[in-house]
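So the structure is just underneath, and the comments pick up after that.
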Amino acid sequence: MLTKRQGNAQARSSGENPRLGRTSPNGRHSPVIPYPSWLNSGDNTWQLVAATLVGLMSIPGIAILYGGLVQRKWVVNTMLMAFTAFAIVLVAWVLYEFQMSFGTPLHLGPGILHSAVGEPKSILSPKSEIGQANIPLVSGAGLMPAFRFPESSLAYFQFVFAAITPLLFLGSVLGRMSFKAWMLFVLIWSGVVYSVNAFLLWGGGWWAQLGAIDYSGGYVIHLAAGTSGFVAAAVIGPRLARDRAKAVPNNLPMVATGAGLLWLGWNGFNGGDEYFGGQNASAAVINTNLCTAVALLTWLLLDMFLSKQRKPAFLGAVNGMIVGLVAITPAAGFVSGVGAILIGVIASAIVWASWTYFSRVSFMKKVDDALGVFHTHGVAGLVGGLLVGLFADPAMAIYYNKDGSAVSVAGLFNGHPKQLALQAGAAATIIVWDGLMTFVILKVLGLFMNLRLPDEVLEVGDVAIHDEEGYPSEEGLIAVGAGSSTSASTSAPTPSPVAERSAEPAAEP
Amino acid sequence: MRLITAVLPTAGFERVHEALRTLGIPGMTVSTVFAQGVRPPQYEVYRGVRRRIDFLPAVRVDIVAAESDAEDVVHVIAVAAAGVGGAVWVQPVERVVRIRTGERGESAL
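Chains as they are written, first to last, in my numbering: chain F, 1 to 509; chain Y, 510 to 618.
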């Protein structure tokens, strides 16, 4: 087959309009083709759908999940931080981060430094956008089949992962972090920290070469978010004592919506990481849901029979759900259904204990990890990443060799104890690097700006920071500034009908 | 008997509540209201339109107390809310009936 460009060239040279070529009366095949022969529309479609599902997990998923979990006065701040981080990461991603995470390695020294990060380059050229996707050290090295979709599909799919990571640790620092500091921190963190995480495990970096595995980001994303969130919370300082004591959620139905988007969005999160719409993607999706269901039920039963109040709690179930999703993430396509169920039970029980007991240790109490990201993402990601070292099943083929044998991974219970050691080593690297760099970045930023907002601002929350609040009241509302009801009819700077309509009541006496 | 009404900023209510509990007030009615004058007006901007919010959320506390206790209750509220502002006023109450027991007057309090 021809590439599109060649096809057009041929159509032109034969003196035909390519559009007419399709209906040419002599019945010849159209000289125009939709896409090059390396592209498979099914694989490409699935990759774009999966990427969109993961994007929906961030916005609105995480934005409203966290927005619903915080106090009424923090809704706007929380949601805006989430949307802003998503935008910041995309711009940085196409300018340099994608190539730092998945490009050609930057040889900085011996050992791990030889392949820890890629060369920063942009992916804005036509060739980068419509050319065939390639990860030099993975697909380029023959460790997986050649991609059947363009670079832009891969870049967008990987972007939504890069974007959700800062959104996850937003849960640790919300309710006191300065908005400006957040914008800079996200920008720097995702370049310095996330790129290295991704390169080491997914871009064919040092740990990937040794054989450490992370199907969809148990380490790269969740352990990273848990570690960085915890360190950031410690460096920035706690919320107001009153806010910590009165940290009641403002909208549980919104939490339910966000949590639901997370669960179903995870079909793309784990289902897209085979990079093909193949058998392993299907297995990863059902394993993900299975582990999640088991983890949710485990947490619920622990709440019902072991917790102080002995009652099933909705927010407990949401925690269990998130733990299940996170714990299966490093394992989704490497384990069988039995492995998925076991990971669900074990991870949920461990994180439940960590949430209930370890959080009471005085050291843990000192750090104000607002939404407990340390437990539900950090601990869950670590547990999942270690358990894949036990349960990885060599019969779970990710790809096939030419002779029909499976390309797969075996864990300790399948006669490969080294896998567990590799998983532990990769986890330690992520914890040390992410913890250390988060500390350094925030300390440096702290030299130039206040990371934590002053107490007077924290007392008021959204209105003080954004001049907006989550649930504004109409009582006593008088439009006084630009576009107010008096001037709106003649020269409205904001001609939006919504703004005008909402300004109307103020005009009434 | 006296009806004591206090309108307080939301942030100040906790301390007043705690102080009244210490004093031993048997019951009170609390409602969330919108009040002007309790806090300075607040400005919010939606879609380019700047708005002044005169009526801000506040807590209204209603307590019926014996005439002899009324002054103490007012004093406790005023002291507890000293740092945050608000207002307290007292009115005479003609009749009180405790519905469950049928008691009337001060014994119904």
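Using N, Cα and C, we set each Cβ at its ideal position, and we do this for glycine too. Note that the structure is predicted; figures quoted are calculated from it, not measured.
> What do you get for P495/F, buried or exposed, if any count of 16 or more other CB atoms within 10 angstroms of its CB means buried?
Replying inline: For P495/F, the predicted structure reports a pLDDT of 42, less than 50, and the residue's modelled location is therefore unreliable. The matter cannot be settled from this model.
>> Counting C-beta neighbours from all protein chains within 10 Å, is the total for V367/F 16 or more, i.e. buried, or is it exposed?
In response: buried
> So, is T486/F buried or exposed, given that buried needs 16 or more other C-beta atoms within 10 angstroms?
Replying inline: Only weak support is given to the placement of T486/F: the predicted model assigns it a pLDDT of 47, under 50, and the question is left unresolved by the model.
> Roughly how many whole angstroms lie between the Cα atoms of D403/F and E129/F?
Replying inline: 34 Å
>> Taking only three categories from DSSP, how would you classify V571/Y?
In response: The question names Val, but residue 571/Y is Asp in the sequence shown. Reduced to three states, the DSSP call for D571/Y is strand.
>> Quick check: what's the CA-CA separation for I88/F versus I213/F?
In response: 28 Å
> Name the chain F residues that come within less than 8 Å of E553/Y, Cβ to Cβ?
Replying inline: V463, D467, E468, E469 and P472
> Which ranges does the alpha helix (DSSP H) cover as unbroken runs of at least 4 residues, wholly within the stretch 216-254 of chain F, from first to last along the chain?
Replying inline: 224-236 and 241-245
> Taking 8 Å as the CB-CB cut-off, is E456/F touching chain Y?
Replying inline: no
> At a cut of 8 Å, does the stretch 226-243 of chain F reach the stretch 431-443 of chain F through at least three beta carbon pairs?
Replying inline: yes
> Over what stretch of residues does the beta strand (DSSP E) that includes E612/Y continue unbroken?
Replying inline: Per DSSP, E612/Y belongs to no beta strand (DSSP E) and is neither H nor E.
>> Taking only three categories from DSSP, how would you classify A198/F?
In response: helix
> In three-state DSSP terms, what is G21/F?
Replying inline: Its pLDDT being 47, under 50, G21/F is placed unreliably by the model, and the measurement read from it follows with that caveat. Note: G21/F maps to helix in three-state DSSP.
>> Beta-carbon within less than 8 Å of N270/F's beta-carbon, same chain only, minus the 5 sequence neighbours each way: which residues are those?
In response: Y215, S216, A284, V285, N287, T288, I328, T329, A332 and G333
> Quick one, which residues of the stretch 553-569 of chain Y are near chain F if we go by CB-CB under 8 Å, in chain order?
Replying inline: E553, V554, Y555, R556, G557, V558, R559, R560, R561, I562, D563, F564, L565 and P566
> Using a beta-carbon distance below 8 Å, is Q600/Y in contact with chain F?
Replying inline: no
> Comparing the C-beta of A589/Y with each C-beta of chain F, is any distance below 8 Å?
Replying inline: no
> To the nearest whole angstrom, what separates the beta carbons of V605/Y and V573/Y, a pair I think is in contact under 8 Å?
Replying inline: 6 Å
> Touching or not, the stretch 411-419 of chain F and the stretch 241-259 of chain F, by the rule of three or more beta carbon pairs under 8 Å?
Replying inline: no
> Whose Cβ in chain F lies nearer than 9 Å to the Cβ of F543/Y?
Replying inline: S473, E475 and G476
> Cβ of A482/F less than 8 Å from any chain Y Cβ?
Replying inline: yes
>> According to DSSP, simplified to helix, strand and coil, what is Q132/F?
In response: strand
> To the nearest whole angstrom, what separates the beta carbons of A82/F and S58/F, a pair I think is in contact under 8 Å?
Replying inline: 7 Å
>> Considering Cα atoms alone, identify which of L565/Y, I608/Y, D578/Y and E580/Y is closest to E474/F.
In response: L565/Y
> Does A528/Y get closer than 8 Å to chain F when you measure Cβ to Cβ?
Replying inline: no
> Between the Cα of A596/Y and the Cα atoms of G611/Y, M537/Y and I586/Y, which residue gives the shortest distance?
Replying inline: I586/Y
>> If distances are taken between C-alpha atoms only, which option among S348/F, D467/F and L325/F comes closest to R559/Y?
In response: D467/F
>> Considering only the alpha carbon of each residue, which of A567/Y, L529/Y, I608/Y and M537/Y lies closest to G546/Y?
In response: A567/Y
> Which partner residues of T514/Y appear in the DSSP bridge assignment?
Replying inline: D571/Y and W598/Y
>> Just verifying my parser: in three-state terms, what is the DSSP assignment at T486/F?
In response: A caution first: T486/F carries a pLDDT of 47, below 50, which makes its placement in the model unreliable, though a value can still be read off. Looking at T486/F - three-state DSSP - the assignment turns out to be helix.
> From the beta carbon of E129/F, is the nearest beta carbon of chain C less than 8 Å away?
Replying inline: Absent from the structure is chain C; the protein chains it does hold are F and Y.
>> Along the chain, where does the alpha helix (DSSP H) containing F363/F start, and where does it finish?
In response: S362 to K366
> Per DSSP, E576/Y forms a beta bridge with which residues?
Replying inline: In DSSP, E576/Y forms no bridge with anything.
>> I'd like the span of the alpha helix (DSSP H) that includes V593/Y, first residue to last.
In response: Here V593/Y belongs to no alpha helix (DSSP H), and DSSP marks it neither H nor E.
> For G381/F versus W74/F, is the C-beta spacing smaller than 8 Å?
Replying inline: no
>> Determine whether the beta carbon atoms of P166/F and S195/F lie at a separation below 8 Å.
In response: no
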